[in-house]
Amino acid sequence: MKPPPPIPPTADMNRRDFLQRSVRAGGAIALTGGLAAWLWDRRRPGQSHREPAVASVPDFSLRDGGRPLAIVMGRDRAAMLRRGLDALGGIGRFIRPGDRVLVKVNAAFATPALLGATSHPDLVAELVRQCLGAGAAGVAVTDNPINDPESCFMLTGIGPAVAAAGGRLHVPRASDFTSGSVAGGRLLRNWPILQAPLRGVTKLIGVAPVKHHARAGASMTLKNWYGLLGGRRNQFHQDINGIIEELAMLVRPTFVVLDGTSSMMANGPTGGSLADLKPTNTMILGTDGVAVDAFGATLLGRTAADLPYLARAAARGIGTVDFATLNPIRESA
Amino acid sequence: MKITTARRIAQIFFFALFVWLTVVATVGTGWSQWRGWPIAWFLQIDPLVALGTVLTTRSLHPPLGWALLTIVLTILFGRVFCGFICPFGALHQFVSWLGWRGRTARDRIAANGYRPAQAVKYYLLLVLLIAAAGNLPFALLQIGWLDPMALLHRSFNLAVLPAADLGLERLHPGGRLYQGALWVGALLAFLLLLNLILPRFFCRILCPLGALLGIIGRLAPWGIGKTAAKCTECSLCDVACEGACNPMGPIRTSECLMCMNCLDTCVPAEPLGYVPRPSAGGEITAFGVSRRGFVAALAGGLAAAPLARLGGSTKSAWPAGLVRPPGSVAEEEFLARCLKCTACIRVCPTNTLQAAGFAHGWESIWTPVLDNRIGTSGCQLNCVACGHACPTGAIRPLTLEEKFGIGDFAAQGPIRIGLAAVDRGRCLPWAMQRPCIVCEENCPVTPKAIHLSAVEEPVRDASLPLVAIDGAVVQVGGPPLPPGRLATGDYAARLPGEPLSRRIVANTSNTLTLDAEPESAGDGDLPTDGKVDILVRLQRPVVDPERCIGCGICEHECPMTGLRAIRVTADNETRSANRGVLLKASF
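Protein sequences appear in the order of chains A and B. Just so we're aligned: 173 in our numbering is position 162 of the first sequence, and the numbers increase by one with no gaps anywhere. Just so we're aligned: 126 in our numbering is position 108 of the second sequence, and the numbers increase by one with no gaps anywhere.
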């Protein structure tokens, strides 16, 4: 870089030079002042810049008066899913050509599928195929797991299974979480929610296994929505029934699939041993997550009364605890 | 093609290869992930790594056998590693080129003359190797401070790659955090800026690997040299000389980096050449090391290990927070093997593995340590990546069988890297009457290493005067209750005269709805006065030290975000014979 040429000594002050210099100096002062005025912070330091609370997850529920609940017995998850969908009126009832589908799986832990701590890849893959077969324009699969996300999707087999079935895996990034709230909620106020994968989605499906959970009593389809939360979501364990109630208020899926082909009877929700599992040979599909979970509780030898969040969600008008009143179809595959 | 063009192509190739091998060092099956890439290859071909670990462990770790290739190459052709292969050398050459572009030939000739300071690297090498040569408790492997491969790997792993990925998350969704990245990055920047003072400052003056190759390279039958005693002494060779080895006069053979620039610039009738005989202009084979300097370096090296061990960091004063990754060998041998290359830290899928700072002891700087507050989870149960990334065996490559202590390893049990302990003064259910047990939920061991102790305790201002009972609804007096506060499913009420409590399912400011009518309701002998006790039902976490493997997932998940209420220390780790906690008894 060349230095500017030295200014030659001058004998006299030149009016033109002086005016030029004054204008330059005045301009610099005005620019600095203007910049300061533009940046002036009229809020007090630390005052919140967060956007106001907004409901953040659209309502995907289907209010078509169709069958709300199907219970399928069997061992082959893909076959049970197909039979259950047929019993509810066929996949075409839920997925229309051109739909963009998001499947929220439970991929919480980086453990292999056979340990039953996560949604089974066979089931997820078949669901993806069914949606695509019904004409869905795209099927994305996501979760915000507890263990390392990439390891979870890889080790559970969900990632490879989704890719093989023609779906798209959405591994959450930091920027995918945006602040959201649930209308009428006490706990979910301006909380980071995994909203990016929901953009443009027209149908939402939840897929969860049946698992023992010491704090919540059981982890099934309603608890599964926990995986849409970001931030220090562990705090919600201090009011586990309250948070599951609010998750049920926040997320109104098209339908849910509760996989009780084998149920984790103890040591949940992580499991880790085949000894923690029991073959219960049941899959529950429904548009009412409360009823689905109320039936699921029976697979663990519990009742709906053991899970206070079910009654609380029902009191919000989200579903019904007394699943028998829904006349569930019982099938076997 | 000119030889210097070939050299540039080689340098660009090896630098790109280096960057590629650091980028792919991440767990996964994609083509840009680890798969079978030889991610530690540059460390394996580094003879200083091989020699340093041979001195500390008295054996050659087989993957380091690659170093023989470099040694043979150097014996035959001199420091071609420095000129053609070394990615750090290429980086220094590039920065020097940028920094000295446009400077006068006179300046560059002055900068490229031999300086006595070039002997410093031999002193550094001597100190590092002598310190490594003691018997095991006194063998100190600290070559990683300056070894160019370890240093460059560390700089890329902890500073360059994560900084480049900031906000992009192309390498890792969610991004990465590395404690002390500033200092690693600052050291790299400092070493690169030194090139503005002298071209290839690090290579000429500091590099201990360069010193080692300079010593080995003295055996080379070929070398740069003048083909006739007289030349025009135009000094054009000095304008471009990378090694400051004085090709025009008596050449300093151990300083020659084999950059071949002099061959390019030399124009006389009897030019400089790559010749199988000593230079016609004479050769200086000494390293410029003085007797006093040699003795001082020897003394420094001899004193280093005993002085470091006096701190007691491998004895009774071992740092409790220094939780090593699973598969790590016992601490003294670990320190005798760890290069501070941070390959394990880069490959760790959860980012929980961090480079230690000075807090864990001076020797342990940049060695791997678990920090469960950082990353996506603690040390994942089904992961053994770090041991397979380690080039020197400081972390053994485990199978899952060995890690879990099953199959052939059933007799020795699982590998424990530490022990979690509940801080009952900070734990929500232990200290603050709040339900939680996130740690129990996430414990990946089966049966869980954290079990629960269920209690029912009166809450603050727990006793309310009973006003009336109507079915399952109990009316109480006293200050108004916040509606819904007791309806979380975790609170219960005990009526006067009743031995058992009942869960509260709803409450208004002065009523409690119980989950069923009190048993005595039908008897007509309901109490009409007395106190209703409000109780909170808590499950409190208790660690079973026989089951805990120290993975730290509980610590990572604990909602006490600052100082966690359950924390892992290296107590009870299986790699140390003397850090056990439990009385060993067989029943």
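For glycine and all other residues, C-beta sits at the position ideal for the given N, C-alpha and C.
Rounded to whole angstroms, how far is the Cβ of B:V554 from the Cβ of B:E475, which I believe are closer than 8 Å? Here B:V554 really is in contact with B:E475; their C-beta atoms are around 6 Å apart, less than 8 Å.
Paired residues, beta bridge with A:W202 - DSSP: Checking the DSSP bridge columns, you'll see A:W202 partnered with A:G191.
Within 10 angstroms of its Cβ, does A:V34 collect 16 or more other Cβ (buried), or is it exposed? Sixteen is the threshold: since fewer than 16 other Cβ atoms of the shown chains lie within 10 Å of the Cβ of A:V34, the residue is exposed.
For B:L94, which residues of its own chain have a beta-carbon under 8 Å away from its beta-carbon, when the five flanking residues on both sides are left out? If we look at B:L94 and ignore the five residues flanking it on each side, its Cβ neighbours are A238, P239 and W240.
For A:S192, which of A:L296, A:L240 and A:V114 has the nearest alpha-carbon? For A:S192, the nearest C-alpha among the options comes from A:L240.
Does DSSP classify B:K466 as helix, strand or coil? Coil at B:K466, not helix or strand.
7 Å Cβ cut-off: residues of chain B touching A:P220: Going along chain B, no residue has its Cβ under 7 Å from A:P220, so there is no contact; the nearest lies around 15 Å.
Residue from A:R86, A:A90 and A:L285 whose Cα sits closest to the Cα of A:A128: Looking at the Cα atoms, A:L285 is the closest of the given residues.
CB contact flag (A:V116, A:V218, <8 Å): It is a contact, given that the beta carbons lie within the stated cut-off.
Could you compute how far the alpha carbon of B:H469 sits from the alpha carbon of A:G279? Within the model, the alpha-carbon separation for B:H469 versus A:G279 is close to 12 Å.
Counterpart residues of A:K289 in DSSP-defined beta bridges: Per DSSP, A:S274.
Simplified DSSP state of A:L96, which is helix, strand or coil: A:L96 falls in the helix class under three-state DSSP.
Whole-angstrom C-beta distance between B:L513 and B:P536, which should lie under 8 Å: Beta-carbon to beta-carbon, B:P536 and B:L513 are separated by about 6 Å, close enough to satisfy the 8 Å threshold.
Going by DSSP, which residues form a beta bridge with B:N525? Listed as beta-bridge partners of B:N525 by DSSP are B:L530.
Alpha helix (DSSP H) segments (min. 4 residues) lying fully within the stretch 132 to 197 of chain A: Note on the stretch 132 to 197 of chain A: whole alpha helix (DSSP H) runs with a minimum of 4 residues are 132 to 144, 160 to 166 and 169 to 176, in chain order.
I'd like to know whether the C-beta of A:Q141 is nearer than 8 Å to at least one C-beta of chain B. No, A:Q141 lies away from the interface with chain B (no Cβ there is under 8 Å from its Cβ).
Which of helix, strand or coil DSSP assigns to B:E535: Here B:E535 carries a coil assignment [DSSP, helix/strand/coil].
Compare the C-beta of B:G193 with all C-beta atoms of chain A and state if any pair is closer than 8 Å. Chain A, which has a Cβ nearer than 8 Å to the Cβ of B:G193, makes this yes.
Using only the alpha-carbon positions, how far apart do A:R226 and A:D250 sit? Distance between the alpha carbons of A:R226 and A:D250: 10 Å.
Is A:S130 close to chain C? Criterion is C-beta to C-beta, closer than 8 Å. Among the protein chains of the structure shown, namely A and B, there is no chain C.
Could you have a look at A:M84 and say whether DSSP puts it in helix, strand or coil? Three-state result, A:M84: strand.
Where B:Y132 sits in the DSSP three-state scheme: Note: B:Y132 maps to coil in three-state DSSP.
Could you check whether A:V303 and A:L80 sit closer than 8 Å to each other, using their CB atoms as the reference points? Yes, they are a contact pair.
A:V182 touches chain B at which residues, Cβ-Cβ below 9 Å? The answer, in chain order, is P191 and G192.
Taking Cβ to Cβ, would you say B:G299 is nearer than 8 Å to B:A374? In this structure, the beta-carbon distance from B:G299 to B:A374 does not fall below 8 Å.
Near A:V68, what residues of its chain come up, given a Cβ to Cβ distance below 6 Å and the 5 sequence neighbours on each side ignored? Short of 6 Å from the beta carbon of A:V68, and not among the five residues preceding or following it, lie these beta carbons of its own chain, in chain order: L261 and V262.
Taking B:I433 as the reference, which of B:L416, B:R444, B:A480 and B:T47 has the closest Cα? Per the Cα distances, B:L416.
Check the Cβ-Cβ distances between A:L166 and every residue of chain B, and say whether any is below 8 Å. Yes, A:L166 lies at the interface with chain B (some Cβ there is under 8 Å from its Cβ).
If you draw a straight line from the alpha carbon of B:H79 to that of A:A119, how long is it in whole angstroms? Taking C-alpha positions only, B:H79 is separated from A:A119 by approximately 39 Å.
Looking at the unbroken beta strand (DSSP E) that takes in A:S230, where does it start and where does it end? Here the beta strand (DSSP E) through A:S230 covers G228 to S230.
For B:V523, count the other beta carbons within 10 Å of its own beta carbon; 16 or more makes it buried, fewer makes it exposed. Which is it? Within a 10 Å sphere around the beta-carbon of B:V523 sit 16 or more other beta-carbons, which makes this residue buried.
If A:D159 and B:P367 are in contact, beta carbons under 8 Å, what's the gap, nearest whole angstrom? About 5 Å; that satisfies the 8 Å criterion.
Contacts around B:V202, its chain only, beta-carbon distance under 7 Å, and the 5 residues preceding and following it disregarded: Counting only Cβ-Cβ distances below 7 Å, and skipping sequence neighbours, we find R172, S173, L176 and A177.
Runs of 4 residues minimum, wholly inside the stretch 354 to 379 of chain B: which ones carry the alpha helix (DSSP H) assignment? Whole alpha helix (DSSP H) segments, 4+ residues: 361 to 365.
Have a look at the DSSP bridge pairing and note the partners of B:D488. In the DSSP assignment, the residues bridged to B:D488 are B:V491.
Do you know how far the Cα of A:T122 is from the Cα of B:A412? In this model, B:A412 and A:T122 are separated by some 27 Å (Cα to Cα).
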